[in-house]
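First up is the structure itself, then whatever we jot down about it.
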Amino acid sequence: MSDRHPLFKPLVFVGGIVFGFGLGFSHMARPEVVLNFLQFEDLGLPFVMFGAAIVSGIAFALLPRIRDAAPLTGDPYERRLKPFDRNVLVGGAVFGVGWGISGICPGAAYASLGVGNVTILWALGGMFLGAYLQGYWRSRSGTRDTVPAGAD
Amino acid sequence: MVTDPVLLQVAADLFPNGISRYAVGGLLVGLGTVLIYIGTGIPAGASTFLESTLSYVSDQSRFQRYVGSRDWRLVFTAGIVLGGLAFAATFQSGLVTSSLYEPGTTGRLYEVAGVTFWLTDVQPWRLFVGGVLVGIGTRIGKGCTSGHGVCGVGSASKTSLVGVLTFLTVAIGTAQIVAALGVSP
Numbered sequence: 006m007s008d009r010h011p012l013f014k015p016l017v018f019v020g021g022i023v024f025g026f027g028l029g030f031s032h033m034a035r036p037e038v039v040l041n042f043l044q045f046e047d048l049g050l051p052f053v054m055f056g057a058a059i060v061s062g063i064a065f066a067l068l069p070r071i072r073d074a075a076p077l078t079g080d081p082y083e084r085r086l087k088p089f090d091r092n093v094l095v096g097g098a099v100f101g102v103g104w105g106i107s108g109i110c111p112g113a114a115y116a117s118l119g120v121g122n123v124t125i126l127w128a129l130g131g132m133f134l135g136a137y138l139q140g141y142w143r144s145r146s147g148t149r150d151t152v153p154a155g156a157d
Numbered sequence: 021m022v023t024d025p026v027l028l029q030v031a032a033d034l035f036p037n038g039i040s041r042y043a044v045g046g047l048l049v050g051l052g053t054v055l056i057y058i059g060t061g062i063p064a065g066a067s068t069f070l071e072s073t074l075s076y077v078s079d080q081s082r083f084q085r086y087v088g089s090r091d092w093r094l095v096f097t098a099g100i101v102l103g104g105l106a107f108a109a110t111f112q113s114g115l116v117t118s119s120l121y122e123p124g125t126t127g128r129l130y131e132v133a134g135v136t137f138w139l140t141d142v143q144p145w146r147l148f149v150g151g152v153l154v155g156i157g158t159r160i161g162k163g164c165t166s167g168h169g170v171c172g173v174g175s176a177s178k179t180s181l182v183g184v185l186t187f188l189t190v191a192i193g194t195a196q197i198v199a200a201l202g203v204s205p
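Chains as they are written, first to last, in our numbering: chain B, 6 to 157; chain W, 21 to 205.
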């Protein structure tokens, strides 16, 4: 995953800006708005998640038919599917409890900092702590994943 | 075209802030993902940043696996923060307006150097406890709302669809319980 082209990082940066701007515009960077959805007070959130999934889905489906590999990395355009196991359910449930308590998920938390929400540092600190605890435990328990989790 | 007033009322109840800001924002989130995918072939998600960044400070094997991608993940995340700032400096500050953007009334606004910033009213303990669980859960579950919800669902991955359904259902249940216990905001 080393840099294979001088434009690799600039493109990732621009992509991140558009991604973050979208999270700001859709108010997903505001925990209240997410919590309002989870309490059925404003059902707008699925338009964000599925709107984004439809746009990316079109690209994921079309690009492999147009070219074989990405210009900046030489990586093939392919579906990198994550294997299903019990962890998807367990992790999804733990994530769900956290999302339901805080109204915050990783991408939206970074964007939230950008819109001025310094209080979100509590959530970011928590996420790093949680990821560290999980990684520490996973490293100790010696159960290595067979497939490196791609790009979630 | 005559619009049914009952339908309008239902829409106003379910979507008090309209749907355009959500739909447009979602399209932009998807566009950001697509830009990166076109150039690099990487279906980028936001949560692996946690582990890849921890590899700078921890030599646990779990984090060292992400050494190769930590540079670009840092760049991606910096972009997301800057994208949020760009939104704050334009639409949130009222410098740019559009009929597609509904401002909303949550949280508190404050101003620094002519830019209107926004602060959440959600209590810090909720953010912290939720953050810890999000950090654990997304790493066990192999993805978050962007990795599973956008890239995974976009590539019609059954694993991601199950992941999204799981965390959506549990999150709705949790938020309902938290609200029923009288915790607000």
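For every residue, glycine included, the Cβ atom is placed at its ideal position computed from N, Cα and C. Computed from a predicted model, the values in this text were never measured in an experiment.
is_contact[residue i, chain B] using C-beta, thresh 7 angstroms
i: residue 123 (chain W); result: no
i: residue 128 (chain W); result: no
i: residue 67 (chain W); result: yes
i: residue 186 (chain W); result: yes
i: residue 25 (chain W); result: no
i: residue 131 (chain W); result: no
i: residue 134 (chain W); result: no
i: residue 32 (chain W); result: no
i: residue 72 (chain W); result: no
i: residue 204 (chain W); result: no
i: residue 113 (chain W); result: no
i: residue 166 (chain W); result: yes
i: residue 116 (chain W); result: no
i: residue 42 (chain W); result: yes
i: residue 75 (chain W); result: no
Any non-hydrogen atom of the ligand PLP closer than 6 angstroms to residue i Cβ
i: residue 87 (chain B); result: Ligands displayed in this structure: none; no statement on the ligand PLP is therefore possible.
Residue i versus the options, residue with shortest Cα-Cα distance
i: residue 204 (chain B); options: B:9, B:25 and B:145; result: What is shown of chain B runs 6 to 157, which leaves residue 204 (chain B) out entirely.
i: residue 41 (chain B); options: B:130, B:109 and B:56; result: B:109
i: residue 31 (chain B); options: W:42, W:133, W:48 and W:49; result: W:42
i: residue 189 (chain W); options: B:67, B:45 and B:18; result: B:45
i: residue 21 (chain B); options: W:197, W:39, W:64 and W:32; result: W:64
i: residue 69 (chain W); options: W:171, W:163 and W:185; result: W:163
i: residue 40 (chain W); options: W:120, W:196, W:184 and W:172; result: W:120
i: residue 91 (chain B); options: W:84, W:98, W:146 and W:157; result: W:157
i: residue 153 (chain W); options: B:96, B:25 and B:54; result: B:96
i: residue 1 (chain W); options: W:66, W:25, W:77 and W:36; result: Not covered by the structure: residue 1 (chain W). The range shown for chain W is 21 to 205.
i: residue 62 (chain W); options: B:138, B:16, B:129 and B:89; result: B:16
i: residue 93 (chain W); options: W:161, W:73, W:205 and W:136; result: W:73
i: residue 56 (chain B); options: W:195, W:183 and W:166; result: W:166
i: residue 104 (chain B); options: W:87, W:150, W:193 and W:110; result: W:150
i: residue 138 (chain W); options: B:24, B:36, B:13 and B:140; result: B:36
i: residue 142 (chain W); options: W:117, W:205, W:126 and W:134; result: W:205
i: residue 101 (chain B); options: W:174, W:33 and W:198; result: W:198
For residue i: DSSP bridge partner residues
i: residue 131 (chain W); result: W:136
i: residue 74 (chain B); result: B:81
Residue i: contacting residues in chain B (beta-carbon distance under 8 angstroms)
i: residue 29 (chain W); result: Residues of chain B passing the Cβ test: none, with the nearest at roughly 15 angstroms.
i: residue 95 (chain W); result: 14, 17, 18 and 21
Interface partners of residue i on chain W, CB under 7 angstroms
i: residue 76 (chain B); result: 59
i: residue 81 (chain B); result: 61
i: residue 84 (chain B); result: 175
Within chain B, partners of residue i - CB distance below 7 angstroms
i: residue 108 (chain W); result: 29, 119, 120 and 121
i: residue 119 (chain W); result: Near residue 119 (chain W) there are no residues of chain B at all, since even the closest Cβ is about 13 angstroms away, more than 7 angstroms.
Cutoff 7 angstroms: residue i Cβ touching any chain W Cβ
i: residue 36 (chain B); result: yes
i: residue 61 (chain B); result: yes
i: residue 47 (chain B); result: yes
i: residue 67 (chain B); result: no
Listed by chain order, chain W residues near residue i by CB distance under 8 angstroms
i: residue 88 (chain B); result: 179
Per-residue contacts from residue i into chain B (C-beta, under 9 angstroms)
i: residue 201 (chain W); result: Those do not exist, as residue 201 (chain W) stays about 11 angstroms from chain B at its closest Cβ, beyond 9 angstroms.
i: residue 190 (chain W); result: 97, 98, 99, 100, 101, 102, 104 and 105
Near-chain W residues of the stretch 98-111 of chain B (beta-carbon distance less than 9 angstroms), N- to C-terminal order:
98, 99, 100, 101, 102, 103, 104, 105, 106, 107, 108, 109, 110 and 111
Along the stretch 127-143 of chain B, what residues have a CB closer than 8 angstroms to any CB found in chain W?
127, 128, 129, 130, 131, 132, 133, 134, 135, 136, 137, 138, 139, 140, 141 and 143
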